[in-house]
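Undergrad: Going by our numbering, the letters in the sequence shown line up with residues 28 to 239, in that order.
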Amino acid sequence: MSERDDPVIGVLLAGGLARRMGGGDKCLLELAGKPLLTHAIERLAPQTDALVLNANGDPARFAAFGLDVVPDPIAGYAGPLAGVLAGMEWARRNRPSARWIATAASDTPFFPRDYVARLLEAAQPHHPAIAMAASGGREHPVFSLWPVALIGDLRSALEAGTRKILDWTDRHTTVTVSFDMIDGPDGDVDPFFNANTPEDLERAQRIVEMPS
Numbered sequence: 028m029s030e031r032d033d034p035v036i037g038v039l040l041a042g043g044l045a046r047r048m049g050g051g052d053k054c055l056l057e058l059a060g061k062p063l064l065t066h067a068i069e070r071l072a073p074q075t076d077a078l079v080l081n082a083n084g085d086p087a088r089f090a091a092f093g094l095d096v097v098p099d100p101i102a103g104y105a106g107p108l109a110g111v112l113a114g115m116e117w118a119r120r121n122r123p124s125a126r127w128i129a130t131a132a133s134d135t136p137f138f139p140r141d142y143v144a145r146l147l148e149a150a151q152p153h154h155p156a157i158a159m160a161a162s163g164g165r166e167h168p169v170f171s172l173w174p175v176a177l178i179g180d181l182r183s184a185l186e187a188g189t190r191k192i193l194d195w196t197d198r199h200t201t202v203t204v205s206f207d208m209i210d211g212p213d214g215d216v217d218p219f220f221n222a223n224t225p226e227d228l229e230r231a232q233r234i235v236e237m238p239s
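1. My output table needs one value for Asn-81: the three-state DSSP class, helix, strand or coil.
2. Measure from the alpha carbon of Ala-113 to the alpha carbon of each residue in Gly-42, Ile-234, Asp-33, then state which is nearest.
3. If we ignore side chains and look at the alpha-carbon of each, how far apart do Gly-49 and Asp-210 end up?
4. Report yes or no: do three or more beta-carbon pairs, one from the segment 131 to 147 and one from the segment 190 to 207, lie closer than 8 Å?
5. Taking the C-alpha atoms as reference points, what is the distance between Pro-218 and Gln-74?
6. Taking the beta strand (DSSP E) that Ala-67 falls in, what are its first and last residues?
7. Tell me which residue opens and which closes the alpha helix (DSSP H) that Met-159 is part of.
8. Is it buried or exposed, Gly-60, if we count other Cβ atoms within 10 angstroms and call 16 or more buried?
9. Roughly how many whole angstroms lie between the Cα atoms of Asp-33 and Leu-147?
10. I need the boundaries of the beta strand (DSSP E) containing Arg-165, first residue and last residue.
11. Evaluate Arg-46 with the Cβ neighbour count: other Cβ atoms within 10 Å of its Cβ, from every protein chain shown; 16 or more gives buried, anything less gives exposed.
12. Would you call the segment 61 to 69 and the segment 120 to 137 touching, i.e. three or more CB-CB distances under 8 Å?
13. Looking at the structure shown, is Ile-192 part of a helix, part of a strand, or coil, going by DSSP?
14. Give the straight-line distance between the Cα atoms of Lys-191 and Val-169, rounded to the nearest whole angstrom.
15. Say whether the segment 117 to 127 touches the segment 184 to 202, bearing in mind that this needs 3 or more beta-carbon pairs closer than 8 Å, one atom from each stretch.
16. With distances taken from CA atoms, which of Asp-99, Gln-232, Asn-221 is nearest Leu-181?
17. Using DSSP with H/G/I as helix, E/B as strand and the rest coil, what is Gly-243?
18. Let me know the secondary structure DSSP gives Glu-57 once reduced to three states.
19. Check the DSSP bridge columns for Gly-211 and list the partner residues they point to.
20. Rounded to a whole number of angstroms, what is the C-alpha to C-alpha distance between Asp-194 and Asn-221?
21. From Ala-90 to Gly-106, what distance separates their C-alpha atoms?
22. I'd like the list of long-range same chain contacts for Arg-122, defined as Cβ closer than 8 Å, with 5 residues on each side in sequence excluded.
Listed below in structure tokens is the structure:
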């Protein structure tokens with residue numbers, strides 16, 4: 028974990044339904060001999076000051092990873108924004124000095140190792156702005172830095188039925204940070220590539236097996 032004067036709490040989002048993988052916990056599928064979740068932890072933990080996992084259901088299935096597991100605080104499957112709120116509420120309870128949380132998908136093994144630092148640099152001058160990652164001309168709303176100061180507004184929006192991330196972020200100052208593509212066996216690969224299907228997982232394996 029990093030140490031800084033302006034701490035950032037990392038939140039790995041694992042609340043999805045994984046329909047295209049046949050259901051279950053996508054992040055527990057293995058890539059290169061270890062769960063996708065382990066790859067995500069190894070990426071995000073060094074960039075943050077504390078790390079939690081947003082997941083619903085029995086938290087015991089994640090016990091081996093040693094993370095606090097925080098469920099969605101909104102009833103029903105409310106999407107990634109509910110995971111953002113769960114992370115903000117954890118930060119308020121456990122690290123009240125933290126002004127930010129940084130979210131990442133738990134099935135994304137290649138996101139940049141300077142992801143948090145670059146978003147923090149972009150967002151700080153505009154606090155309480157949201158900083159969102161982008162690559163290849165596409166925004167990646169799940170990969171964002173969120174001001175904890177927006178916790179009340181987010182809860183109100185979710186309770187009013189807001190579910191799409193951009194529907195909420197469009198109401199607030201948002202800065203976008205673009206990241207370069209990475210090399211893959213068949214050409215450029217989006218660094219925020221995630222394993223949504225068995226074919227995606229096979230592609231990720233080919234990326235891992237590339238010569239360094």
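Here a beta-carbon is modelled for each residue, glycine too, at the ideal position from N, C-alpha and C.
TA: From the atom records:
1. strand
2. Gly-42
3. Since pLDDT at Gly-49 reaches only 40, below the 50 mark, its modelled position is unreliable, and no value is offered.
4. yes
5. 16 Å
6. That residue, Ala-67, is in no beta strand (DSSP E); its alpha helix (DSSP H) goes 63 to 71.
7. That residue, Met-159, is in no alpha helix (DSSP H); its beta strand (DSSP E) goes 157 to 162.
8. exposed
9. 9 Å
10. 165 to 174
11. Below a pLDDT of 50, predicted positions are generally treated as unreliable, and Arg-46, at 41, falls in that range; no measurement from the model is reported.
12. yes
13. helix
14. 11 Å
15. no
16. Asp-99
17. The displayed coordinates of the chain run from 28 to 239. Any statement about residue 243 would go beyond what the structure contains.
18. strand
19. Gly-214
20. 22 Å
21. 23 Å
22. Pro-34, Ile-36, Asp-76, Ala-77
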